[in-house]
Amino acid sequence: MDKEADKEFLEFLVKSLVDHPDDVKVDRRVDEMGVLLTLKVHPMDMGQVVGRQGATAKAIRSLLRIVGVKNNARVNLKIEEPEGSTRSPRFRPTSTRVFGEAGDGEAGGSRPHDRPSGEKGDF
267 MDKEADKEFL EFLVKSLVDH PDDVKVDRRV DEMGVLLTLK VHPMDMGQVV
317 GRQGATAKAI RSLLRIVGVK NNARVNLKIE EPEGSTRSPR FRPTSTRVFG
367 EAGDGEAGGS RPHDRPSGEK GDF
């Protein structure tokens, strides 16, 4: 494999995931810490690249680690968040909830059924 295999792999992988593949840009820098790949994507594609609770980004980093081991290099990934990127809010502040929406006549709360589906734990 050539020295830019990690960059080419990341470009291929991310372009396969996003809706705007022409906007995928990868910058590769090498220093004493290893290889740093900086990823830029279309603002509307950030959610697809990061994934729920960062699962997709974590998987991409794991794959890049494997590519790095194969090429005897430490590969790190930095995902730049573009201006105007869209992320769904984790929860609505209690001040925007409508009275009675949370049930039992309360304007909000932290009971499990008040949280958006798929979330666990405290905020």
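Start counting the sequence shown at 267; every next residue gets the next number (my numbering).
The C-beta atom is built at its ideal place from N, Cα and C for all residues, glycine as well.
### Top-ranked residue by Cα proximity to ASP293, from VAL315, LEU283, THR322 and LYS306
If you number the sequence shown from 1, residue 293 lands on position 27. Ranking VAL315, LEU283, THR322 and LYS306 by CA distance to the CA of ASP293 puts LYS306 first.
#### Entry: Beta-carbon gap between MET310 and GLU347 smaller than 9 angstroms
Here residue 310 is taken as the residue at index 44 of the sequence shown, counted from 1. Here residue 347 is taken as the residue at index 81 of the sequence shown, counted from 1. No. Outside cutoff.
### Message
When you compare the CB positions of VAL290 and GLN314, do they come within less than 9 angstroms of one another, or not?
### Response
Taking the first residue of the sequence shown as 1, we reach residue 290 at position 24. Taking the first residue of the sequence shown as 1, we reach residue 314 at position 48. Result no, Cβ atoms of VAL290 and GLN314 do not sit closer than 9 angstroms.
### Query
From ALA321, VAL335 and GLY317, pick the residue whose C-alpha is nearest to that of GLY300; which is it?
In the sequence shown, the residue the question calls residue 300 occupies position 34. Checked all of ALA321, VAL335 and GLY317; the closest Cα to GLY300 is VAL335.
### Query
Whole-angstrom Cβ separation of ASN342 and LEU302, contact assumed at under 8 angstroms?
As a working mapping, residue 342 is identified with position 76 in the sequence shown. As a working mapping, residue 302 is identified with position 36 in the sequence shown. So it is a contact: roughly 5 angstroms between Cβ atoms.
### Query
Taking Cβ positions, are THR323 and VAL316 nearer each other than 9 angstroms?
Residue 323 sits at position 57 when you count from the first residue of the sequence shown. Residue 316 sits at position 50 when you count from the first residue of the sequence shown. A quick correction: the sequence has Ala, not Thr, at residue 323. Their beta carbons are under 9 angstroms apart, which means ALA323 touches VAL316 by this criterion.
#### Entry: Sequence-distant residues of the same chain with beta carbon closer than 8 angstroms to HIS286, five excluded per side
Residue numbering aside, residue 286 sits at position 20 when the sequence shown is read from its first letter. Cβ contact annotation for HIS286 (same chain, cutoff 8 angstroms, sequence separation greater than five): VAL307, HIS308, MET310 and ASP311, in chain order.
### Query
Helix, strand or coil for LYS281 per DSSP?
For the purposes of this step, residue 281 is taken as the residue at position 15 of the sequence shown. Correct three-state label for LYS281: helix.
### Query
Secondary structure at ASP293, three-state DSSP: helix, strand or coil?
Within the sequence shown, residue 293 is the residue found at index 27, counting from 1. Of the three classes helix, strand and coil, the one that applies to ASP293 here is strand, per DSSP.
### Query
Per DSSP, what kind of secondary structure is LYS273 in: helix, strand or coil?
Residue 273 sits at position 7 when you count from the first residue of the sequence shown. Reduced to three states, the DSSP call for LYS273 is helix.
### Task
For ARG340, I'd like the list of residues in its chain whose CB is within less than 6 angstroms of its CB, leaving aside the five on either flank, ordered along the chain.
For the purposes of this step, residue 340 is identified with residue 74 of the sequence shown, where counting begins at 1. Result list for ARG340: GLY300 and GLY334, in chain order.
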